[in-house]
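A.B. asks: Dropping a structure here in structure tokens format, bear with me for questions.
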Amino acid sequence: MQVCRTVAECRDVLAAYRQTSETIGLVPTMGFLHEGHLALVAEAKSRADRVVTTIFVNPTQFGEAADLDAYPRDEARDLAMLEAAGVDVVLIPEVADVYPEGDETIVETTRMANMLHGKVRPGHFRGVTTVVARLFNFTQPDIACFGEKDYQQLQVIRRMNRDLAFPIEIVGVPIVREADGLAMSSRNVRLSPEDRAAALILSQSLDAAERVKSSDPDTLRETISQTIATEPRATLRGLDIVEAETLNDIQSGYAGPIAIMLSVEFGGVLLLDQRVITL
Ligand code: AMP
């Protein structure tokens, strides 16, 4: 496994693969890896000859400096996990390499970035698309894998990829969960033991919604918010029930896949979960 600390070095390694017509799969991450990230790597390996993973805690997608500073990091452990998973190249760029001096270019999906979770975290998705577009240009992959856990992010990236005509196939990978149902996340380590136990309420409330499976978004919303309300440690921050592809509101009589996107806070730690169900 080659570890590249500069974009130039990574370009050279990938260019050699391309010369022998090998296909490239990209897995962008912010590090502090877990089984969810490794599922993306496995998916990329099954679809491409070579896999490049990036580790970059992207400052432009964080609202508060404190959240950026608190983001957990463990590079040595990440590298051991990626090596064991059979990754070919890891790119760990410096901020100045991704955002050069005098940088002024942004990429934004103007509608999708500023709705739903994007309203709770202004500028977040603009930061995501700006960095992902750059990672696409750095690595020029054939495919790129993203988790369905960050559902709005996945749809935002699909739209950017289509609108800017990147010749890349975007692959969505299902959520990997802990044995008890909590969606794996690098943020889970920041939960106190009590909050970790209470966090099960996210998947439980989605299970309850799936059982109700009403075509009326208000019924689904009520089922979920009532379930969350049974957990005093949980503060509901976002609950959006939308058409799965466009993220538009559901009109009455809609039949097709809907996405339920949930964000819940526990003692300053924001956790996400989501479920796609077909009406
Ligand atoms: P992050 O390092 O949190 O930016 O995540 C990097 C990628 O891993 C994103 O595409 C996430 O959606 C994906 N991911 C994070 N957690 C999970 C999970 N539990 N299951 C599947 N994919 C995940």
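Every letter in the sequence shown is one number past the one before it in UniProt numbering, and letter 57, counting from 1, is 57. By construction, the Cβ of each residue, glycine as well, lies at the ideal position given by its N, Cα and C atoms. Bear in mind the structure is a predicted one, so any value in this text is a computation, not a measurement.
For residue 192, is the classification buried or exposed, using 16 other Cβ atoms within 10 angstroms of its Cβ as the cut-off for buried?
C.D. replies: Residue 192 comes out exposed.
A.B. asks: Can you tell me whether residue 213 is buried or exposed, with buried defined as 16 or more other CB within 10 angstroms of its CB?
C.D. replies: Label assigned to residue 213: exposed.
A.B. asks: Work out the CA separation of residue 244 and residue 328 for me, nearest whole Å.
C.D. replies: Lying before the first or after the last residue shown, residue 328 is absent from the chain, which here runs from 1 to 279.
A.B. asks: Express the C-alpha separation of residue 160 and residue 123 in angstroms, rounding to a whole number.
C.D. replies: Using only the alpha carbons, I get a separation of about 15 Å.
A.B. asks: Say the cut is 7 Å; is the CB of residue 185 nearer than that to a heavy atom of the ligand AMP?
C.D. replies: At least one heavy atom of the ligand AMP is nearer than 7 Å to the Cβ of residue 185, so yes.
A.B. asks: Can you find the residues in the same chain that come closer than 6 Å, C-beta to C-beta, to residue 91, ignoring five residues on each side of it along the sequence?
C.D. replies: Around residue 91: 4, 10 and 54.
A.B. asks: Shorter than 7 Å, the distance from the beta carbon of residue 175 to the closest heavy atom of the ligand AMP, or not?
C.D. replies: The answer is yes for residue 175.
A.B. asks: Among 117, 201, 251 and 220, which residue has its Cα nearest to the Cα of residue 151?
C.D. replies: Nearest of 117, 201, 251 and 220 to residue 151, Cα basis: 117.
A.B. asks: Taking the alpha helix (DSSP H) that residue 205 belongs to, which residues open and close that run?
C.D. replies: That run of the alpha helix (DSSP H) goes 201 to 212.
A.B. asks: For residue 266, report the span of its beta strand (DSSP E) as first-last.
C.D. replies: That run of the beta strand (DSSP E) goes 257 to 266.
A.B. asks: Could you tell me if the beta carbon of residue 49 falls within a distance shorter than 7 Å of some heavy atom in the ligand AMP?
C.D. replies: No, Cβ of residue 49 sits at least 7 Å from all heavy atoms of the ligand AMP.
A.B. asks: Quick one: grab the DSSP three-state call for residue 150.
C.D. replies: Residue 150: coil per DSSP, three-state reduction.
A.B. asks: So which of 52, 258 and 231 has the shortest CA-CA distance to residue 215?
C.D. replies: When each option's Cα is compared against that of residue 215, the closest is 258.
A.B. asks: Going by DSSP, which residues form a beta bridge with residue 38?
C.D. replies: For residue 38, which the question treats as bridged, DSSP gives no partner whatsoever.
A.B. asks: On the three-state DSSP scale, how would you describe residue 274?
C.D. replies: It is a strand residue.
A.B. asks: For residue 211, which residues from the same chain have a beta carbon less than 6 Å from its beta carbon, with the 5 sequence-adjacent residues on both sides left out?
C.D. replies: Closer than 6 Å at the Cβ level, and outside the excluded window around residue 211, lies no residue.
A.B. asks: Would you mind listing the alpha helix (DSSP H) stretches within the segment 148 to 183 that are 4+ residues and don't spill past its ends, in chain order?
C.D. replies: Listed in chain order, they are 151 to 163.
A.B. asks: What separation, rounded to the nearest whole angstrom, lies between the Cα atoms of residue 163 and residue 262?
C.D. replies: For residue 163 and residue 262, the distance between alpha carbons rounds to 27 Å.
A.B. asks: Is there at least one non-hydrogen atom of the ligand AMP closer than 7 Å to the beta-carbon of residue 28?
C.D. replies: Residue 28: yes, Cβ under 7 Å from the ligand AMP.
A.B. asks: Looking only at its own chain, which residues have a Cβ that is under 7 Å from the Cβ of residue 255, when we skip the five neighbours before and after it?
C.D. replies: Here the set comprises 279.
A.B. asks: What three-state label does DSSP hand residue 26 in the structure shown?
C.D. replies: Three-state result, residue 26: strand.
A.B. asks: For the candidate residues 220, 138, 181 and 172, whose alpha-carbon lies nearest to that of residue 15?
C.D. replies: Closest option to residue 15, Cα to Cα, is 138.
A.B. asks: My understanding is that residue 40 touches residue 52, with C-beta atoms under 8 Å, so please give their C-beta distance in whole angstroms.
C.D. replies: Going by Cβ atoms, the distance from residue 40 to residue 52 rounds to 12 Å, so no, they are not a contact pair.
A.B. asks: With which residues is residue 280 paired in a DSSP beta bridge?
C.D. replies: No information on residue 280 is available, as it lies outside the stretch 1 to 279 that the chain covers here.
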